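Residue numbers (the UniProt record's numbering), protein chains in the order written: chain Y, 1 to 286; chain W, 1 to 288.
In this text, a Cβ means the ideal position worked out from N, Cα and C, and glycines have one as well.
From a predicted model like this one, the values you see are computed outputs, not experimental measurements.
Structure below.
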């Protein structure tokens, strides 16, 4: 009972604080009343939900609604005013910026996490470095033997996640130039099955989120991407500075300088607690 | 009198519930799959490539999946039929009562192992074994899946065949033996032919179990959607495709509908198998 009363009091407080707001703040008064919508990237739904759960524990008066639909949907929602915060796994593009300014919306970008994928092989494999072009040829099935990429004469075994996985599409987009996977690729359900397969088959190649590589570093070897002169190994550092190619930043967008609860949420996502959730969700913190 | 009628109605409706459920399943599958027929058209199913997620062109050809299911089922049956029928003959006709007391419970235990546990066993034990024996680079292939499935079909076929053999009238055997036939001759010329309809029904049920099995196959077959009839290739079965992709597929998309079409094909196959086994049973039953 006392709990309910305290929630009620907090609501009242929020209500009063909303009263004295200027025009600029009126737009987000809905958020200050304790209701916040976050829309956008399907990749980030998991992460944003985890943030929201923690955030709501800290701010019991706030109700958060998290929906996916894709980065494009989220940005459109921000422009149309149907969402307070947009989660996006890509930059806002020029056309969307134009649309936004036409509606007096000024999207403000916050880089909140990085998402990177490591290409993994068996530890006994002699190949350490592959170029993006070679990766594409391997996963589309043009290259079928390790000899062709400087390894020993051994058939190449391509392992992939199931097509329902977000990682499947991400890898296809960033490492394979959007080409189709070879039909000979063995599709495995789950990252642990993939790590298990790559660790037991000498000719295997596959891909997993960076977090898993650290967990299973004795069983698998991560490949550096690039040519002989300059190859980049996947690491928190190389993903943060953008030198590792199979990676992307994850963003939150707000309309103008964030106020009230919106600001609190963005601040929370960038705080130490928020960034530890990023790590737990398998992404790289900022 | 009225009570009689009421009881009769009750019993009839209870008995027909299963018919109703089958009809409803067909109806539901049809409802979800139906829109695929207009857009993009049923022709898309008759394709040689299954690429449901693509930036180029989504393809929903079920040939590789049908081929995968067929190959795995065929191999599993080649392995399990001889083993289980001979095993059933031994248990029913040759084994001492003490042996029977030990053998039968263990076979029943095999039947009760959850398929995901067998799948795990396949992934960790059987796949490396197959890999080493054949000198392959990966043990995730049709043969490994078939070995596991054969293991699952064994108890079904043994138990039902053994029942069929045991229910052959004693007088048949006595007549055969008294005419001077040896034990072996009696078994293979009298008892087994007499029990054949039962054995065939057992095999059909075994095929049904194998073709519908999902979890173990998903774990060890490698799931490459290629058309191949080579046992050491990785294949993708219809059941594994539905299990792996249904969870994340966008509701109502072409991919979603295509998965329901696979379900319909699977249901039709088991339906036809059942009808065939009934026909066989009927024919043999009349021949006796």
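Residues of chain Y with a CB under 7 Å from the CB of residue i: which are they?
{"i": "residue 225(W)", "result": "183"}
{"i": "residue 222(W)", "result": "186"}
{"i": "residue 54(W)", "result": "180"}
{"i": "residue 102(W)", "result": "Result: empty, since nearest Cβ-Cβ is about 36 Å, beyond 7 Å."}
{"i": "residue 128(W)", "result": "200"}
{"i": "residue 242(W)", "result": "Correct list: empty, because the minimum Cβ distance to chain Y is about 11 Å."}
Please report the straight-line C-alpha distance between residue i and residue j, rounded to a whole angstrom.
{"i": "residue 269(Y)", "j": "residue 206(Y)", "result": "31 Å"}
{"i": "residue 273(Y)", "j": "residue 47(Y)", "result": "13 Å"}
{"i": "residue 258(Y)", "j": "residue 39(Y)", "result": "16 Å"}
{"i": "residue 276(Y)", "j": "residue 53(Y)", "result": "14 Å"}
{"i": "residue 63(Y)", "j": "residue 91(Y)", "result": "27 Å"}
{"i": "residue 216(W)", "j": "residue 148(W)", "result": "7 Å"}
{"i": "residue 202(Y)", "j": "residue 152(Y)", "result": "11 Å"}
{"i": "residue 72(W)", "j": "residue 203(W)", "result": "15 Å"}
{"i": "residue 76(Y)", "j": "residue 95(Y)", "result": "11 Å"}
{"i": "residue 119(Y)", "j": "residue 222(Y)", "result": "6 Å"}
{"i": "residue 277(W)", "j": "residue 199(W)", "result": "11 Å"}
{"i": "residue 267(Y)", "j": "residue 58(Y)", "result": "13 Å"}
{"i": "residue 234(W)", "j": "residue 184(Y)", "result": "8 Å"}
{"i": "residue 199(Y)", "j": "residue 83(Y)", "result": "44 Å"}
{"i": "residue 183(W)", "j": "residue 260(W)", "result": "52 Å"}
{"i": "residue 211(Y)", "j": "residue 251(Y)", "result": "19 Å"}
{"i": "residue 363(W)", "j": "residue 146(Y)", "result": "Residue coverage of chain W in this structure runs from 1 to 288, which leaves residue 363(W) outside it and unanswerable."}
{"i": "residue 69(Y)", "j": "residue 93(Y)", "result": "18 Å"}
{"i": "residue 138(W)", "j": "residue 204(Y)", "result": "8 Å"}
{"i": "residue 72(Y)", "j": "residue 42(W)", "result": "31 Å"}
{"i": "residue 232(Y)", "j": "residue 218(W)", "result": "35 Å"}
{"i": "residue 132(W)", "j": "residue 155(Y)", "result": "16 Å"}
Would you mind telling me which residues of chain W sit closer than 9 Å to residue i, beta carbon to beta carbon, in chain order?
{"i": "residue 203(Y)", "result": "137 and 138"}
What do you get for residue i, buried or exposed, if any count of 16 or more other CB atoms within 10 angstroms of its CB means buried?
{"i": "residue 238(Y)", "result": "buried"}
{"i": "residue 159(Y)", "result": "buried"}
{"i": "residue 296(Y)", "result": "With chain Y covering 1 to 286 only, the question about residue 296(Y) has no answer from this structure."}
{"i": "residue 213(Y)", "result": "buried"}
{"i": "residue 272(W)", "result": "exposed"}
{"i": "residue 23(W)", "result": "exposed"}
{"i": "residue 106(Y)", "result": "exposed"}
{"i": "residue 282(W)", "result": "exposed"}
{"i": "residue 194(Y)", "result": "buried"}
{"i": "residue 180(Y)", "result": "buried"}
{"i": "residue 162(Y)", "result": "buried"}
{"i": "residue 15(W)", "result": "exposed"}
{"i": "residue 7(W)", "result": "exposed"}
{"i": "residue 17(W)", "result": "exposed"}
If you compare alpha carbons, which of the options is closest to residue i?
{"i": "residue 117(W)", "options": "214(W), 249(W) and 257(W)", "result": "214(W)"}
{"i": "residue 163(W)", "options": "59(W), 212(W), 48(W) and 87(W)", "result": "87(W)"}
{"i": "residue 30(W)", "options": "257(W), 269(W) and 277(W)", "result": "257(W)"}
{"i": "residue 265(Y)", "options": "81(Y), 43(Y), 130(Y) and 60(Y)", "result": "60(Y)"}
{"i": "residue 150(Y)", "options": "130(Y), 141(Y) and 250(Y)", "result": "130(Y)"}
{"i": "residue 98(Y)", "options": "118(Y), 80(Y) and 45(Y)", "result": "80(Y)"}
{"i": "residue 342(Y)", "options": "209(Y), 199(Y) and 37(Y)", "result": "Since the first residue shown for chain Y is 1 and the last is 286, residue 342(Y) is missing from the structure and cannot be characterised."}
{"i": "residue 281(Y)", "options": "51(Y), 78(Y), 176(Y) and 124(Y)", "result": "51(Y)"}
{"i": "residue 205(W)", "options": "3(W), 173(W), 12(W) and 270(W)", "result": "270(W)"}
{"i": "residue 101(Y)", "options": "261(Y), 283(Y), 70(Y) and 256(Y)", "result": "256(Y)"}
{"i": "residue 218(Y)", "options": "74(Y), 70(Y), 67(Y) and 121(Y)", "result": "121(Y)"}
{"i": "residue 159(W)", "options": "138(W), 28(W) and 108(W)", "result": "108(W)"}
{"i": "residue 157(W)", "options": "40(W), 106(W), 207(W) and 133(W)", "result": "207(W)"}
{"i": "residue 47(W)", "options": "77(W), 55(W), 67(W) and 32(W)", "result": "67(W)"}
{"i": "residue 284(Y)", "options": "132(Y), 34(Y) and 44(Y)", "result": "44(Y)"}
{"i": "residue 164(Y)", "options": "123(W), 124(W) and 246(W)", "result": "246(W)"}
By the criterion of Cβ-Cβ separation under 9 Å, what are the contact partners of residue i in chain Y?
{"i": "residue 245(W)", "result": "162, 163 and 164"}
{"i": "residue 49(W)", "result": "180 and 183"}
{"i": "residue 133(W)", "result": "Within 9 Å Cβ-Cβ: nothing; residue 133(W) doesn't reach chain Y, min ~15 Å."}
Find the residues of chain Y that neighbour residue i, judging by a C-beta separation of less than 8 Å, and give them in chain order.
{"i": "residue 218(W)", "result": "189"}
{"i": "residue 253(W)", "result": "Here the premise fails: no neighbours, minimum Cβ distance about 12 Å."}
Output, in chain order, the set of chain W residues within a Cβ distance shorter than 7 Å of residue i.
{"i": "residue 157(Y)", "result": "137 and 138"}
{"i": "residue 172(Y)", "result": "55"}
Which chain W residues are close to residue i, counting only those with a beta carbon under 8 Å from its beta carbon?
{"i": "residue 197(Y)", "result": "138 and 140"}
{"i": "residue 66(Y)", "result": "Going along chain W, no residue has its Cβ under 8 Å from residue 66(Y), so there is no contact; the nearest lies around 18 Å."}
contact_flag[the region 165 to 174 of chain W, the region 220 to 229 of chain Y] where n(CB pairs < 8 Å) is 3 or more: A contact between stretches requires three or more CB pairs, one per stretch, nearer than 8 Å, and the region 165 to 174 of chain W fails this requirement with the region 220 to 229 of chain Y.
Cβ contact (3+ pairs, closer than 8 Å) linking the region 242 to 254 of chain Y and the region 167 to 179 of chain Y: Contact between the region 242 to 254 of chain Y and the region 167 to 179 of chain Y is present, with at least three C-beta pairs closer than 8 Å.
Stretch-stretch touch, CB-based, cutoff 8 Å, three pairs: the region 182 to 198 of chain W with the region 226 to 244 of chain W: Pairwise C-beta distances place the region 182 to 198 of chain W out of contact with the region 226 to 244 of chain W, as fewer than three of them are shorter than 8 Å.
Given 8 Å, three or more beta-carbon pairs between the region 111 to 126 of chain W and the region 149 to 161 of chain W: The count of Cβ pairs closer than 8 Å, one atom from the region 111 to 126 of chain W and one from the region 149 to 161 of chain W, reaches three, so the stretches are in contact.
Cβ contact check for the region 67 to 82 of chain W and the region 136 to 144 of chain W: 3 or more pairs under 8 Å: The answer is yes - the region 136 to 144 of chain W touches the region 67 to 82 of chain W, with three or more Cβ pairs under 8 Å.
Validate contact between the region 133 to 151 of chain Y and the region 105 to 116 of chain W using beta carbons, cut 8 Å, 3 pairs: Because the criterion of three Cβ pairs below 8 Å is not met, the region 133 to 151 of chain Y and the region 105 to 116 of chain W do not touch.
Stretch pair the region 231 to 247 of chain W + the region 59 to 69 of chain W: three plus CB contacts closer than 8 Å: As far as the Cβ criterion goes, the region 231 to 247 of chain W touches the region 59 to 69 of chain W, which means the pair count is three or higher.
The region 35 to 53 of chain W / the region 177 to 185 of chain W touching (three or more Cβ pairs under 8 Å): Taking a cut-off of 8 Å on C-beta distances, the region 35 to 53 of chain W does not touch the region 177 to 185 of chain W, as fewer than three cross pairs fall below it.
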